[in-house]
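Number of protein chains: 2
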Amino acid sequence: MDVRTICLGILTRGSATGYEIKKLFQEDGYQHFVEASFGSIYPALGRLTEEGLVSVRAEAQTKRPDRKVYSITPAGRAAFLGALMRPLPEDRHRSPFVFAMLFSHLLPQERVSAMIDCYIAQTEGKLAQIKGGEPHSCGEAFVSGLGKVIYEASLKFIRNHRADVERQAAHAAE
Amino acid sequence: MDVRTICLGILTRGSATGYEIKKLFQEDGYQHFVEASFGSIYPALGRLTEEGLVSVRAEAQTKRPDRKVYSITPAGRAAFLGALMRPLPEDRHRSPFVFAMLFSHLLPQERVSAMIDCYIAQTEGKLAQIKGGEPHSCGEAFVSGLGKVIYEASLKFIRNHRADVERQAAHAAE
DNA sequence: TCGATCTATATCGAACCAATATAGCAGGGT
DNA sequence: ACCCTGCTATATTGGTTCGATATAGATCGA
């Protein structure tokens, strides 16, 4: 799903600045399944404004740099709903950790253990973030519930099976 | 994890052509956690060859276009192991479906149901592909086992909770 | 004969991102 | 008073990636 559509979706829920949209990707639960960088957010907002799908209002702040607040327009709302009515792109999951586990037999056992420990800690952090959130709608509850069961299943499996790949690694000649 | 490192990893397991590497991404179980397109595979192989991390041998074929077979070099193998010894990039999961569920209240109930049915079918297909595979090592068994529990947990949760978002969608005025 | 599909290499224009640039501020340490 | 870290805020850049496209060899069914 392209960054313009994602920004439109976020703006259906309320006006926001480019900086706030980026923050939402890092904090508000979106980070588990969607993301964009400043390098694509600001150009996307610019084009959406050109296309009339979004309006922008500059706001001066005291003691802070000026900010640009973007709001979705009726045309933008229609464009977003139109995108949701069309077939969705498939999920993409990229996991350097999982890829690395395929090569665990080539690595020292301590390195494999360190990778697994790091991945478990990261996953626990994400699970804690989901648990600390407060879904405001059925959609949000569905999404955070799904994330929760995925992370829990991952953690359970990794804890139960980490010895399998750690044992294999032990035979690696260095 | 960049495409060069991924190609090096794949080539530690055996020589391959660019076309075969792409096929591996689609069939051999890698697709669940790693991918690259021709647009990045061929340039990556080219650069790896320039850097001496990979060697290439052209092969004529009868009744088929000629092929280029790439093999990893000792320097390439060392580079790959070096990459695995450094901190891994974090996982990235992008899910247009999950993002769309946040906006289920804006959609007709039949559309929400169709999205969920499609996602369930795709996930069942991926699960069947994992179940049909034959892991050849502890690393592969770990990876396919992890994928299996994640897909199973997802399917179970979605089936049990789909009514929550479908019910909400029903109130959407069109 | 044509279209679909597979094998096979490769490039292109557009999208994306991590890094960087610029600029406002607060707070803590030296 | 100065410096560093961290936050707020907009924006751009060079490199990476990808979907589409190009080219070319073939098989098979209609």
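Chains as they are written, first to last, in our numbering: chain A, 9 to 182; chain B, 9 to 182. Every residue gets a Cβ at the ideal spot worked out from N, C-alpha and C, and that includes glycine. Computed from a prediction, not measured in an experiment: that's the story for all the values here.
With 8 Å as the limit, tell me which residues of the region 90-119 of chain A have their beta carbon closer than that to any beta carbon of chain B; keep them in chain order. 92, 93, 95, 96, 97, 98, 99, 100, 101, 102, 103, 104, 105, 106, 107, 108, 109, 110, 111, 112, 113, 114, 115 and 119
At what residue ranges does the region 84-160 of chain B contain a whole run of the alpha helix (DSSP H), taking only runs of 4 or more? 104-109 and 117-140
In the structure shown, what three-state DSSP assignment does residue 35 of chain B receive? In the second sequence, the residue the question calls residue 35 of chain B occupies position 27. Of the three classes helix, strand and coil, the one that applies to residue 35 of chain B here is helix, per DSSP.
Would you decide whether residue 174 of chain A is buried or exposed? Buried here means 16 or more other CB atoms lie within 10 Å of its CB. Reading the first sequence from its first residue, position 166 is the one you call residue 174 of chain A. Per the 10 Å Cβ criterion, buried.
Going along chain A in order, which residues have a C-beta closer than 8 Å to the C-beta of residue 176 of chain B? Along the second sequence, one-based indexing puts residue 176 of chain B at 168. Chain A residues near residue 176 of chain B: 145, 146 and 147.
Unbroken beta strand (DSSP E) run spanning residue 79 of chain A, endpoints: Walking along the first sequence from the start, residue 79 of chain A turns up at place 71. It spans 75-80 - the beta strand (DSSP E) in which residue 79 of chain A sits, taken as one unbroken run.
Inter-stretch contact (C-beta, 8 Å, three-pair minimum) for the region 123-131 of chain A and the region 158-169 of chain A: yes
Just mark residue 147 of chain A as buried or exposed, buried being the case when its beta carbon has 16 or more other beta carbons within 10 Å. Locating residue 147 of chain A in the first sequence gives position 139, where the first residue counts as 1. With 16 or more Cβ atoms within 10 Å of its Cβ, residue 147 of chain A is classed as buried.
If you follow the beta strand (DSSP E) that residue 65 of chain A is in, where does it begin and where does it stop? Sequence index remark: in the first sequence, residue 65 of chain A carries index 57 (1-based). Here the beta strand (DSSP E) through residue 65 of chain A covers 62-67.
Report all residues from its chain with a CB closer than 6 Å to the CB of residue 65 of chain B; omit the five preceding and five following residues, and keep chain order. Along the second sequence, one-based indexing puts residue 65 of chain B at 57. For residue 65 of chain B, where only same-chain residues beyond five positions count, the Cβ hits under 6 Å are 77.
Would you call the region 49-60 of chain A and the region 75-91 of chain B touching, i.e. three or more CB-CB distances under 8 Å? no
Consider the Cβ of residue 137 of chain A: report whether some Cβ of chain B lies at a distance smaller than 8 Å. The count along the first sequence starts at 1 and reaches residue 137 of chain A at position 129. So, not an interface residue.
Give the interface partners of residue 165 of chain B over in chain A, defined as CB-CB distance under 7 Å, in chain order. Working through the second sequence from its first residue, we reach residue 165 of chain B at position 157. Residues of chain A passing the Cβ test: 153, 154 and 157.
Verify whether the separation of the beta carbon atoms of residue 152 of chain B and residue 37 of chain B is less than 8 Å. For the purposes of this step, residue 152 of chain B is taken as residue 144 along the second sequence, with counting starting at 1. For the purposes of this step, residue 37 of chain B is taken as residue 29 along the second sequence, with counting starting at 1. Taking 8 Å as the Cβ cut-off, residue 152 of chain B and residue 37 of chain B qualify as a contacting pair.
Can you check whether the CB of residue 111 of chain A is closer than 8 Å to the CB of residue 13 of chain B? Locating residue 13 of chain B in the second sequence gives position 5, where the first residue counts as 1. Locating residue 111 of chain A in the first sequence gives position 103, where the first residue counts as 1. Contact: no.
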